């Protein structure tokens, strides 16, 4: 035990004995440094993505530039990162790896297999026990831009695919329930259809894409109902060229799409449109100002229905990351600059978890330096963003292309691609914002005077070490550890309390009454 750990434990015991530790305070969200390398340091890796489930199980995926493999690494909540494994056929070159992790620990990874030089979207699933199934081709050849989403174990994958002997493309979706086969459907007819994005929530699947049949790209959407029926494609954007779309669904079933609309001259505005729970799309809303250049919008939604939009905005002589928030029933807030205006910002990404924690990350390039750095900011509840924190890299390294995921308690992880002087290596930067979880909290309902009783709990902290597990028994007695014993010397009703603390100072408490009687 470190000296700091010992001081924490002694303080908790002292406060418990004095009856002063009723509601432990939470530490500020803490980025754990330095970032952890998760890919093979002897290979160049790229196309990194990451996903977490509600309990904090995490999978990061990427493709290697060196040999073209699609690789993955798994980390159960509270455990170390495993070894990176090659998931694709090692004889084939791959691109564009993505992943979705469900709440039972199943992970589905997709990638574009380019061995045929035309591209086949391929999927493979890792069970909760750690076994990978056989790779399944989802598309025909000449498929591109695959994306994946998951809800309650159901998975949807979308992509665009060329029509043989034509210049047309169509939008396809593969859908699978747990333990079932993939069911593939074309949701947009053969035309100039490109770049689909997908979201799942409230039993729905939403796909948005660019329809360039009539010249400029029109953002178009189709939504799969709970019964499995897809709506007719609906145009969302107006005059101009719509690009860089993203889409989310809140827990009530409202669908929100975001995109960049270029006027063909010199201005690009960030716009959104929301489909209500009755299935009607509302009007287009401008999130940003209408003059100037913007790009790369992203959007996330929390369980309260609050939307957070981010994008890059040109602010001579640099680009800056901007954000706007829309609470349910309100308008979009005035955009706020998040990044340093003296440095060039790029690659913004945002994620929100069920606990209301929203995390935004981006990369920066200083005009006086050649290396990129990765930054992040967080908010919770009030949606007032904290000052940005540099989370990577170390001084001599270069980091870029951050991606972010948030779990059910508000913990998060950012993965980035970092140059280590010889290779691009994928690194993970965790955010510890939540206390340890307590499950299987075992306190006897009754006991007798003089009889030794057993008390136990399973305690896991997603990213940090659990440094203190302290029990108080309501009679002045205390004990430490996940499994303890205690003897009561007098009859009565006693409130047994358990308080656990992680290494960054987050605490969680549980309590239960035990009744002690005489023999």
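In mature numbering (1 follows the signal peptide of the UniProt record, and there is no 0), the protein residues as written are -27 to -1, 1 to 492.
Quick reminder that beta carbons are idealized off the backbone N, C-alpha and C, glycines included.
Predicted model only: the values in this text are computed from it and were never measured.
Using C-beta distances below 6 Å, list every residue in its chain close to residue i, excluding the 5 sequence neighbours before and after it, in chain order.
i           : result
residue 352 : 331, 358
residue 121 : 71, 73, 83, 130
residue 475 : 409, 434, 437, 439
residue -18 : The pLDDT assigned to residue -18 is 34, lower than 50, so where the model puts this residue is not dependable; a value taken from the coordinates is nonetheless given after this. Hits under 6 Å: none found.
residue 345 : 336, 338, 371, 372, 373
residue 260 : 243, 245, 282, 297, 305
residue 447 : 467, 468
residue 327 : 276, 381
residue 195 : 160, 180, 203, 204, 206
Checking 9 Å against the spacing of the C-beta atoms, do residue i and residue j come in under that value?
i           : j           : result
residue 179 : residue 130 : no
residue 291 : residue 316 : yes
residue 300 : residue 277 : yes
residue 11  : residue 400 : yes
residue 86  : residue 63  : no
residue 19  : residue 37  : yes
residue 2   : residue 275 : no
residue 420 : residue 489 : yes
residue 279 : residue 325 : yes
residue 96  : residue 147 : yes
residue 161 : residue 206 : yes
residue 364 : residue 4   : yes
residue 170 : residue 184 : no
residue 323 : residue 282 : yes
residue 33  : residue 298 : no
residue 492 : residue 449 : no
residue 232 : residue 158 : no
residue 219 : residue 272 : yes
residue 189 : residue 123 : no
residue 460 : residue 426 : yes
residue 112 : residue 92  : yes
Just mark residue i as buried or exposed, buried being the case when its beta carbon has 16 or more other beta carbons within 10 Å.
i           : result
residue -24 : The predicted position of residue -24 is uncertain, since its pLDDT is 35 and thus under 50; a value taken from the coordinates is nonetheless stated next. That one is exposed.
residue 106 : exposed
residue 252 : exposed
residue 499 : Residue 499 lies beyond the range of the chain shown here (-27 to 492); nothing can be said about it.
residue 403 : buried
residue 156 : exposed
residue 486 : exposed
residue 350 : buried
residue 320 : buried
residue 466 : exposed
residue 22  : buried
residue 477 : buried
residue 394 : exposed
residue 307 : exposed
residue 52  : exposed
residue 415 : exposed
residue 103 : exposed
residue 28  : buried
residue 181 : buried
Leaving out the 5 sequence neighbours to the left and right, which residues in its chain are closer than 7 Å to residue i when beta-carbon positions are compared?
i           : result
residue 288 : 314
residue 198 : 177
residue 17  : 37, 38, 39, 396, 397
residue 457 : 428, 444
residue 186 : 164, 165
Sorted by chain position, which residues of the same chain lie with C-beta nearer than 8 Å to residue i's C-beta, five sequence neighbours on each side aside?
i           : result
residue 55  : 46, 47, 48
residue 79  : 98, 99, 100, 101, 126, 151
residue 484 : 468, 469, 470, 471
residue 57  : 11, 12, 13, 44, 45, 46
residue 309 : 295, 296, 297, 358
residue 118 : 69, 132, 133, 167, 168, 169
residue 464 : 422, 489, 490, 491
Kindly give me the distance between the Cβ atoms of residue i and residue j, rounded to whole angstroms, as I take these residues to be in contact under 8 Å.
i           : j           : result
residue 174 : residue 144 : That belief does not hold up - the Cβ atoms of residue 174 and residue 144 are roughly 20 Å apart, past 8 Å.
residue 254 : residue 270 : That pair is no contact at about 18 Å.
residue 390 : residue 418 : Not really, about 54 Å apart at Cβ, beyond 8 Å.
residue 115 : residue 88  : Between residue 88 and residue 115 the Cβ distance is about 13 Å, and since that is not below 8 Å, they are no contact.
residue 347 : residue 318 : About 11 Å; that fails the 8 Å criterion.
residue 455 : residue 430 : 6 Å
residue 31  : residue 81  : Incorrect: roughly 14 Å between the Cβ atoms, too far for contact.
residue 473 : residue 442 : 5 Å
residue 230 : residue 192 : 6 Å
residue 163 : residue 141 : 4 Å
Between residue i and chain C, is any beta-carbon pair separated by less than 9 Å?
i           : result
residue 423 : Of the protein chains in the structure, only one exists, and it is not chain C.
Problem - Given 8 Å, three or more beta-carbon pairs between the stretch 234 to 242 and the stretch 219 to 226 - result: no
Practice task
Assess, as a yes-or-no matter, whether the stretch 209 to 217 is touched by the stretch 139 to 152 under the definition of 3 or more beta carbon pairs within less than 8 Å.
Solution key: no
Exercise for the section: Check whether the stretch 332 to 339 touches the stretch 368 to 387, counting contact only when three or more Cβ pairs, one atom from each stretch, lie closer than 8 Å. Expected result: yes
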